[in-house]
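Below is one structure, written out as structure tokens; comments come after it.
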Amino acid sequence: MAVALAEVLAAAGCEPVRLVGKADGPWRQVDGRPLQVVVEDREDTHALTGIAAALSACATQTCVVVATDLPFLTPEAVRAVAGVPPPAIAFADDFRLVLHLHRDQSAGALAMRDAGMSVRNFVEGATRVPVDSALVDDLDERPGVDPLEAWLRRLPPLSVAAIEAERCRLLARGVRWRLGDGQRGA
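Okay, here's the thing in structure tokens:
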């Protein structure tokens, strides 16, 4: 899903696109181009750690940060948030992790994390950008995953290079598979 979201961000004009996390590489975009990975420097899973890492890696004064569990996100929704001066956040029935932030907000994110605060505290006061809730539904809260299956059918076919890169990444983790057999083994 992270690779598909990288494509959405690139289509929205957010370049360069980087993936933040603890994941090893190599990661490739759908067309086979490399996807840069920013490795978080802590072992925790706090969302503010990832946000701070993304902001620290930002090459410009502002950047767009999105959660990787937004399978229905569109370039239009990203552009709507990016078009509002930071800090801005996508808002449907509640806030969603599609953020337009200043690079210098990284230290504030870490301070809030260390103080035991949440992302909700971090985005308090950000401009709320109205977006269609169907575009920013996340997999943590969406009832059922039937819409995800429909979304997966809309994805372009993966290139041979992208499939090979994923196979190599999985092999490095000890996961062996053949395309189409659905089996996982050592």
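The opening position of the sequence shown corresponds to residue 58 in my numbering, with each subsequent residue numbered one higher. Yeah, the Cβ is synthetic: ideal placement off N, Cα and C, and Gly gets one too. What you are looking at is a predicted structure, and each value in this text was computed from that prediction instead of being measured.
1) What are the residues that DSSP puts in a beta bridge with residue 185?
2) Quick one: using the 10 Å Cβ neighbour count with 16 as the cut-off for buried, is residue 187 buried or exposed?
3) Can you look up residue 156 in the DSSP assignment and give me helix, strand or coil?
4) When DSSP labels each residue in this structure, what does residue 132 get in the three-state scheme?
5) With respect to the beta strand (DSSP E) encompassing residue 167, which residues constitute its N-terminal and C-terminal limits?
6) Kindly indicate which three-state DSSP category residue 224 falls into: helix, strand or coil?
7) Would residue 87 and residue 216 be called neighbours here (beta carbons separated by less than 8 Å)?
8) Would you kindly work out how many angstroms separate the C-alpha atoms of residue 166 and residue 152, rounded to a whole number?
This is what the structure gives:
1) 146
2) Label assigned to residue 187: exposed.
3) Note: residue 156 maps to strand in three-state DSSP.
4) Note: residue 132 maps to helix in three-state DSSP.
5) For residue 167, no beta strand (DSSP E) segment is defined; the enclosing uninterrupted segment is the alpha helix (DSSP H) at 163–171.
6) helix
7) yes
8) 17 Å
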